[in-house]
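To start, the structure under review is shown below, and the notes come after it.
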Amino acid sequence: MKIYVDLVLLLNFLLDFLLLLSVSVVLKRGTKIFNMMIGAFIGSLSTLLMFYSMSSVSLFFYKVVLSIVMCISTFGFKSIKYTLNNLLFLYLSSIVLGGGLYFINNQISLKNSNFIFVNNGFSINLIILVIFSPIVVYIYIKKLNRVKDNYSNYYNIKLYINDVIYNLNAYLDTGNVLKDPYKNRPVLIVSSDVFKIEFDHFLFVPYKTIDKEGMMKCIKADKLIIENVGVRYNFLVGLLDERLEFDGVNSIIGKNLLEGIWD
Numbered sequence: 423m424k425i426y427v428d429l430v431l432l433l434n435f436l437l438d439f440l441l442l443l444s445v446s447v448v449l450k451r452g453t454k455i456f457n458m459m460i461g462a463f464i465g466s467l468s469t470l471l472m473f474y475s476m477s478s479v480s481l482f483f484y485k486v487v488l489s490i491v492m493c494i495s496t497f498g499f500k501s502i503k504y505t506l507n508n509l510l511f512l513y514l515s516s517i518v519l520g521g522g523l524y525f526i527n528n529q530i531s532l533k534n535s536n537f538i539f540v541n542n543g544f545s546i547n548l549i550i551l552v553i554f555s556p557i558v559v560y561i562y563i564k565k566l567n568r569v570k571d572n573y574s575n576y577y578n579i580k581l582y583i584n585d586v587i588y589n590l591n592a593y594l595d596t597g598n599v600l601k602d603p604y605k606n607r608p609v610l611i612v613s614s615d616v617f618k619i620e621f622d623h624f625l626f627v628p629y630k631t632i633d634k635e636g637m638m639k640c641i642k643a644d645k646l647i648i649e650n651v652g653v654r655y656n657f658l659v660g661l662l663d664e665r666l667e668f669d670g671v672n673s674i675i676g677k678n679l680l681e682g683i684w685d
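Below, the structure is given as structure tokens:
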């Protein structure tokens, strides 16, 4: 079988460049294109392993060292943690890209011989690598950034009411500035189905949204602990009759309550 070394080097260079680009975008490194090209060139040197007989252990350490050199030459060395994060996301991106290409290639190929997929005798690996690699990386970056942005607004909280502790998942709604008009206390909105008891005394706080307005039933709470943020007092808990439509969320916290402006 003929092997075109220059073509393999070029493909490896392009793939490594895409991987380094994805790491730079996901971790917001702001790396220059020239630095990523240098790192991609270093990574493409792994092609030379085709001409050497190496044990699996030696091959593993060679690739690890080469990956570290790739990351340092591309992103620089600021600390061990910084480099390890770059290395981790480089491998994660490699897994996503490799798995995505393998899946696509396997789906549109009629048969395969080892790792060479053929369709009526014509290898389509090159076409798949060129066309689908940027698409796979783009989807990966877009989805990962969306997950990061979304879940950065999630908080684990503990709500204390009458010696009962409620472990809740809260979502930060920066537009939630609801407060009671009596003592200017912020309101933590909680789905009423969280509480298994009936409350006797309520405070009614007026609220207004885009499509409706009304009076929300509120109760007094003893304390609120926001994980990795702090403890909050002097606030109300608004009872929401409808179920929240977030992923596992049963309460909504406002920016003012999160920052503890009324403590």
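If you count the sequence shown from 1, you need to add 422 to reach the working numbering.
Glycine is no exception: its CB is placed at the ideal position from the N, C-alpha and C atoms.
Every value quoted in this text rests on a predicted model; they were computed, and no experiment measured them.
Task: Residue of 566, 643, 592 and 518 minimising C-alpha distance to residue 607 - done: Closest by alpha carbon: 643.
TODO: Look up residue 632 in the DSSP assignment and say whether it is helix, strand or coil.
DONE: Correct three-state label for residue 632: coil.
Open item on the list: Less than 8 Å between the beta carbons of residue 561 and residue 646, yes or no?
Closed with: No, the pair does not count as a contact, with Cβ atoms beyond the cut-off.
- [ ] Just tell me which of 521, 567 and 489 has its CA closest to the CA of residue 508.
- [x] Measuring from the Cα of residue 508, the nearest candidate turns out to be 489.
Open item on the list: As an exercise, report each continuous beta strand (DSSP E) stretch of at least 3 residues that is fully enclosed by the segment 565 to 593, in chain order.
Closed with: Runs of the beta strand (DSSP E) inside the segment 565 to 593: 576 to 583.
Task: Closest Cα partner of residue 613 within the set 633, 639, 557 and 466 - done: Checked all of 633, 639, 557 and 466; the closest Cα to residue 613 is 639.
Task: For residue 659: DSSP bridge partner residues - done: Answer is 610 and 641.
Open item on the list: For residue 461 and residue 491, I'd like the C-alpha separation in whole angstroms.
Closed with: If I take the Cα positions, the gap works out to 8 Å.
- [ ] Examine the ligand ADP and report whether any of its heavy atoms sits within less than 7 Å of the Cβ of residue 587.
- [x] This structure simply doesn't include the ligand ADP, nor any ligand for that matter.
Task: Ranges of the alpha helix (DSSP H) found wholly within the segment 466 to 506, counting only runs of at least 4 - done: Those alpha helix (DSSP H) runs which fall completely within the segment 466 to 506 and span 4+ residues are 478 to 497.
Open item on the list: Can you tell me whether residue 626 is helix, strand or coil according to DSSP?
Closed with: Under the three-state reduction of DSSP, residue 626 is assigned to strand.
- [ ] Write down the C-beta distance between residue 660 and residue 600 rounded to the nearest angstrom, noting that I regard them as a contact closer than 8 Å.
- [x] Confirmed, Cβ separation roughly 7 Å.
- [ ] Put residue 597 into one of helix, strand or coil per three-state DSSP.
- [x] In the structure shown, residue 597 sits in coil (DSSP, three-state: anything other than H, G, I, E or B).
Task: Straight-line gap, residue 453 to residue 446 (C-alpha atoms, nearest Å) - done: Going by the C-alpha atoms only, they are around 6 Å apart.
Open item on the list: Quick check on the DSSP output: the alpha helix (DSSP H) that includes residue 681 runs from which residue to which?
Closed with: Looking at the DSSP string, the run of the alpha helix (DSSP H) that includes residue 681 is 677 to 681.
Open item on the list: Per the DSSP calculation, residue 654 is bridged to which residue(s)?
Closed with: Looking at the DSSP assignment, residue 654 forms a beta bridge with 646.
Task: Exposure of residue 688, with buried meaning 16 or more beta-carbon neighbours within 10 Å - done: Outside the displayed range of the chain (423 to 685) lies residue 688, so it cannot be described from this structure.
Open item on the list: Taking its Cβ as the centre, do 16 or more other Cβ atoms sit within 10 Å of residue 501, making it buried, or is it exposed?
Closed with: Here residue 501 is exposed: its Cβ has fewer than 16 other Cβ atoms, across all protein chains shown, within 10 Å.
Open item on the list: As a quick exercise: from 592, 517 and 666, pick the residue whose alpha carbon is nearest that of residue 677.
Closed with: Relative to residue 677, the option among 592, 517 and 666 whose CA is nearest is 592.
Task: Cβ neighbour criterion (16 or more within 10 Å) applied to residue 586 - done: Exposed is the call here.
- [ ] Compute the Euclidean distance between the alpha carbons of residue 618 and residue 632, then round it to the nearest angstrom.
- [x] One C-alpha to the other measures close to 30 Å.
- [ ] Could you check if residue 438 is buried or exposed, using at least 16 other CB atoms within 10 Å of its CB as the buried criterion?
- [x] Buried, since its Cβ has 16 or more Cβ neighbours within 10 Å.
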